[in-house]
Amino acid sequence: MKPCFRRRKLGLAVMLGVLAAGSLWSRAPAEEPAADARRGERHQKFLEALYDRGYFDTALDYLEQMRTSPLCRTADRERIDYEAGLTLIRWALTLPSPTEREKLLDDAQTRFKKYLAEYSGHPLAFLAKVQLANLLTERGKIKIAQSQSPKTTPEQKKQLLAEARKLFTEARRVIGDLEKTATERVLQYQKLKIDPQDAPAVASQRDQARSEYLQVRLDAAQVLYELGRTYPSGSPKAEKYLNQAAARFNELYTKYVLDSPGGLYQAGFEARLREALAWKELGQYSKALRALNDLLDWPDEGDALRQIKLRAATDKLETLTRAEKYAAAMDFYEPAEKLLRGTESLRAEGLALKYAGGEAALAYARSIPEGDKERAKVRYDCCEQARRLFTFVAGHGGEHQSQARTKLRDPLLSDINEPSEAAPKDYFEARDRGKAAFDRLDLSEVKEDEAARLRRRAVRYFRLALEMKPADAPREDILLIHSLLAYLYFLDQQYYDAAAVGDFLARRYPGSAWAKQSAKIALAAYAELYNESTDEADKELFAGKLGATAEFITQHWPDSSAADDAWMMLVRIAILRREVEKALLYLEKIPADSPRRGRMELQTGQALWSAYLDAARKPEAERPPQTDLTALAEQAEKLLQAGVDRKRSDVEAGGELNYTLATSVLSLAQVFLDNNQPEKAVVWLTDPKLGPLTLCETNHPLGAEHPEFRRSVYQTALRAFVAAQDLARAEKVMEALERLGDGGEKLTQIYLALGKELEELLKRLQEQGKAEQAAAVRRGFDLFLTKITQRPAAELNFNALSWVAETFMGLGSSLDPQDGPPPAPAKEYYQKAAETYEKILQLCAADKKFAPGPTSATVIKIRLSRCLRRLGRFNRALDLLAEILKENRNVLDVQIEAAETYQAWGKVKPRYYNLAISGGKPVETPQGKTNLVWGWGTISRRLQFQPAYKNKFFEARYHLARCRLDLARTQTGSQRKKTLNQAVGDVAVVFSLYPQLGGPSWFNKFDALLKEIQTTAGLPVEGLKGLGK
Amino acid sequence: MNRLQIFFSLVALLFAAGAGEAFDMIKTTSGTTSGNVLSLSPFQVKLQRGSSGPTKEIPVNQIIFVTFDKEPFALKTAKNLIAVEHRYQDGLAALEKVKPEDLSDRPELQEEWEFYRALAEAKLALEGSGAVIDAGKQMLAFVNRHPASYHYLEGCEMVGNLLVANRSFAQAEEYFGKLASAPWPDYRIKAGVAIGWAQLDRGKTDEALKSFESALGVTGGEGPLVQSQRQAAELGKAAVLTAQKKSAEAIDALQTLLQKADPDDGKLMARAYNTLGTAYRQSGQPKEALLAFLTTHLLYPTGSAETHAEALYNLGELWEKVRKPERAAEARKILAERYKNSPWAKKPQT
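Order-wise, the sequence lines are chains P and F.
Heads up: the first sequence is residues 25 to 1053, going by my numbering.
Heads up: the second sequence is residues 21 to 370, going by my numbering.
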């Protein structure tokens, strides 16, 4: 039986992680004052910072100091021994020696017992008992690991396994008692029917109880698994316990994943992973693989599940290897490796996966006899793969480092040569073989498979050469080998290695002939690492490395194209990250006479233009001042103009017009349009050599290759010709837009976007006090839009009518302060919008082909309902939304619209506030009566555990409390008081669950709302800070 | 005119918006307000909304940022980099791109350029990556040339800080004293605190104590700004106790302060924990001292460069004392790499 060192550690890690999070279900922290909460956060942050650095001893000193420190909160002081126990366990995880680990676990046990003796009634007491039970399990696992050591004699092994069995049996007994207690508690809570809004503290205790119950059930199954491992593989007792463990894990997976109506629980996935391990131990590999494939097939939903999937991938590799399905393991490795993101390759889970991949490759190679000529290449390739993976793991620390180093000394890996070749005699021969392989890479007819083989060969022999180099080997020779290795790593996408070697060489030997090339390789490698990263912190790291490398290149080789390339790379990254000032600063570093300057000016100009558009479209509170926006646009114009001017001469001399230039000219036209210079925009659009409209009209390949570009060109041209009063050409462009077709959905979006631009413009005119201008725009639109709707039905199309309706909505919205019933002019526009939407729906009903797509009518219904809401026609609005929900109740946006409609109705008839909160439109289902419309309460409950909807969750909770407040204001006496108390409770509950409230924006909103409630209730106006006093 | 022509001709109005009316903008601690700046002084900025609207006087101690109409883009960028993002080198590079003719539209623009240049140099010098004397001269030149600027008091404070960094404590006191002329309690307290620290750095513990007590005696004004300054004064008093080797009293005072101070006030917390660490060292409690300096290093490294460097220096010594040489080496390495110009990096280990 193979040692399961990794499994044990990860098991502990999972246990810790689960307990530290305290939440397999949800576990809400108890309510506490905000100031104390911040001190508590600082305490935890400090501990975590110490753990991150491995300062566990100092963490223990800190906890001891806190025992008597006046800076310690009572809540933290009570937990000191519990925290110390957890610290000791974390420390134990990092130690390789079982003896040292056992000592720390002994200390941890003492701490937990001390904690329980003093605080048996404390909220964490149950978890402390669970930890104690798990310590027994962990010590049992240490015994198993010791029994598997090669130095252990058979008698010692027998003794150790017996001791392990004893520990597991004791653990089983303790966990069994805990399971009973946890089950009783959960059943008690189930009887109570708790409403979290009415009784938040009780709801929190219920969630805690659930969390503990799940934890214990997982642990109970785990002990059975461990017990099974203490018996010889295949023995009746081993089979009995392992089968029981598998069944219990499967039960958890079924109950909390497959059959779970309320959502998916991490514990369920964890159980499935452990079930797979049990099957593996039983030798039932197909069942193990089935379980693992189930996990791997789940979409990535959150970080916790992703981590489980990574472990499942590693376990699958190990299972396939154990089952001797080597080819399948090798085939699986590549997609498995792709699961790793960013710097995960360097973390425990990535290294474990690579190590498992190396073992699979080595096992496969070993299974092929040396004399098997037919499969000699397979054997060789497997050894190369194994060597590569073990080398990586050995070079990056962590749990598997020493094992990987040991594997690299495996005779199979050190001796293997090309199938028909003897080992090189000396440094020179190794070097020359490497060079020969490298030189052949240059040949154009080399296919990818052969190129990969040549690269591996070159790497292998260069490495051998470095190992064999004599003391007097020429230094430049050695540096060349290093430089070529860096390049080969880059080609093989081993970017970390390429960057490390290239960077080191360049900085250490800047005077070498290979330094510049090495620096360029490092730069390119960092750029790839940046592109691959998804984590913001990783991106920041690699952007910093890029900057440092670029600086280095430009300092040492200032006039070279390498320097330009370096700055270009940084400009690109700054552009991607929307760091406009940085992009400009980097651009300035490229000399004006550099041939690359023009292209970078164009790209930077475009980036500035995009930044301007983004900023101009932001909500008013977030939008920068107009002067800033104008300056951005001016800067964009300047750069685009400069770049286009530089590139123009190339094109006029017969050079090719590329996509960058064409889009830059389009952006320039848009800049002029926004600056009220439509004639200039037209000049650029129709330029005979560079004009984007000219390209589209003459069917230039660029237009055909980039359909989105064509759409943008026509859109811009439409605006430009109209603004320049060239109506004949404007009409032609409009026809060209219509012909673009694509099912019409995209054209609808174009028209909708035009309508949105109009709304934004009208708002800006209002804010700038240009009321007359705004009124003139409105009058003109009104006239035109009305004429469109009056056309005969045969001339109407969905897109144009949608645009008309949307534009009427926009006109109305621009006059509507949204803080009460709309004023008469706004109401008129809303009415026209509603009539147009109704017309569209009628036409869709009359002719199935009228709507461009299957969801078009649904979109119209939602827009119409919004319109009707503003008009106070709530019944019809809700009926429309109910029609949609009847087909699919889970459309969140529609549920939110419906809740908002009830809420708006509540302003007129207060009883509808209740429906906004609890939902309405009851329908019969097979499960009984239920509300079609959820209301804010159910919306928030459904979104609570979904990180992707965090913002909408807070929105729902906010509106819920808001409805309560507005309802209370229409009430009197005790009813009013009760409702206001509930409103306070609404805010208090969400604050207790999420003290940060999703960030400053929501924090401030909830704070302001609570103060409003307190003012209305005549309570002290303290806001969130006063909660809990 | 057909329907399309009507539509298009009216759409033309969409694009006749033109640029908005020019205005100045002031970002304060309670929001943003815009209008025309009528006058500037060291204590307030007077603003008028619209050409005939009401005027408003905004105290300088509430102002975070002023953006003037016609301010060149590069100057705006530079101010943002320096005042908001604290990227002083990049801010200086942006200031270099401002052309003199771009500043000629209004006199305030030239002042802004001068002040932010001096401010960036001063901040870099205080962080250890610039020359203190040159930066000091630049800021001094600004305050002398622009005594009516709304940056005047900030400039004086910065001159004081640079003089302290240059060990010219007596002169530093003179410039901190100018803050005391401000009408707001938090500035008057700040002046007392700054003078107190300068006196303490000179070893004048009795005078320093008087300054801190005098700062605490300033009445009037409440709110987070004043509270923060009062706590800074209390911290100063605790530092005096430490300087007088009354470590037990200092520890008590500091623990009382830390219980009520805002955990998010990084500057105050970093200094408080460093002072606590020093007090613990004096009283022969190296482990407690270690934890105090570690708190600064791990939780408040951005409190200020000076306090972080001080914490790292002490950690380098204390880790050796508790026989963790590799951790000591790590602390010394960070000190040498990040704060190579700081006095703490040059101070020999004891």
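For every residue, glycine included, the Cβ atom is placed at its ideal position computed from N, Cα and C.
Here the structure is a predicted model, which is why all the values come from computation and not from measurement.
Count the other CB atoms within 10 Å of the CB of residue i; is the residue buried (16 or more) or exposed (fewer)?
i: P/Lys671; result: buried
i: P/Pro393; result: exposed
i: F/Phe85; result: exposed
i: P/Gly997; result: exposed
i: P/Arg135; result: buried
i: P/Asp105; result: buried
i: P/Gly1042; result: exposed
i: P/Gln650; result: buried
i: P/Gln579; result: exposed
i: F/Tyr320; result: buried
i: P/Gly727; result: buried
i: P/Tyr213; result: buried
i: F/Glu116; result: exposed
Would you verify that the beta carbon of residue i is, or is not, closer than 9 Å to some beta carbon of chain F?
i: P/Ala93; result: The sequence given here has Ser at residue 93 of chain P, not Ala. Output row for P/Ser93: interface = yes.
i: P/Arg647; result: no
i: P/Gln517; result: no
i: P/Phe70; result: yes
i: P/Ala655; result: yes
i: P/Pro53; result: Summary for P/Pro53: the model assigns pLDDT 38, below 50, so the residue's position carries little reliability; its value from the coordinates is reported in the next sentence. No, P/Pro53 lies away from the interface with chain F (no Cβ there is under 9 Å from its Cβ).
i: P/Ala360; result: no
i: P/Tyr451; result: no
State the Cα-Cα distance for the pair residue i and residue j, rounded to the nearest angstrom.
i: P/Gln842; j: P/Ala543; result: 59 Å
i: P/His1071; j: F/Phe63; result: As displayed, chain P neither begins before 25 nor continues past 1053, which places residue 1071 of chain P out of reach and without an answer.
i: P/Lys333; j: P/Trp958; result: 33 Å
i: P/Thr628; j: P/Glu658; result: 13 Å
i: F/Val118; j: F/Glu346; result: 48 Å
i: P/Asp698; j: P/Ala567; result: 33 Å
i: F/Pro244; j: P/Asn317; result: 57 Å
i: P/Trp303; j: P/Gln246; result: 13 Å
i: P/Thr860; j: P/Val737; result: 29 Å
i: P/Glu762; j: P/Ala744; result: 17 Å
Tell me, please, whether the CB atom of residue i is closer than 9 Å to any CB atom in chain P?
i: F/Thr262; result: no
i: F/Glu326; result: no
i: F/Lys117; result: yes
i: F/Ser267; result: no
i: F/Asp125; result: no
i: F/Glu132; result: no
i: F/Ala42; result: Residue placement at F/Ala42 cannot be trusted, given a pLDDT of 44 that sits under 50; the coordinates are not used to answer.
i: F/Glu308; result: yes
Per DSSP, residue i is paired with what?
i: P/Val947; result: P/Thr954
i: F/Lys76; result: F/Leu67
i: P/Thr98; result: Per DSSP, none; premise fails for P/Thr98.
I want to verify the contact list: residues of chain F whose CB lies under 7 Å from the CB of residue i, in sequence order.
i: P/Leu609; result: Asp110 and Ala113
i: P/Tyr86; result: Leu311
i: P/Gln659; result: Phe93
Kindly list, in the order they appear in chain P, the residues whose Cβ is closer than 8 Å to that of residue i.
i: F/Asp89; result: Thr651
i: F/Gln275; result: Ser93, Pro94 and Leu95
Name the chain P residues that come within less than 9 Å of residue i, Cβ to Cβ?
i: F/Leu101; result: Glu605
i: F/Thr322; result: Result: empty, since nearest Cβ-Cβ is about 14 Å, beyond 9 Å.
Could you tell me which chain F residues have their CB closer than 9 Å to the CB of residue i, listed as they occur along the chain?
i: P/Arg981; result: Correct list: empty, because the minimum Cβ distance to chain F is about 25 Å.
i: P/Arg63; result: Gln279 and Pro283
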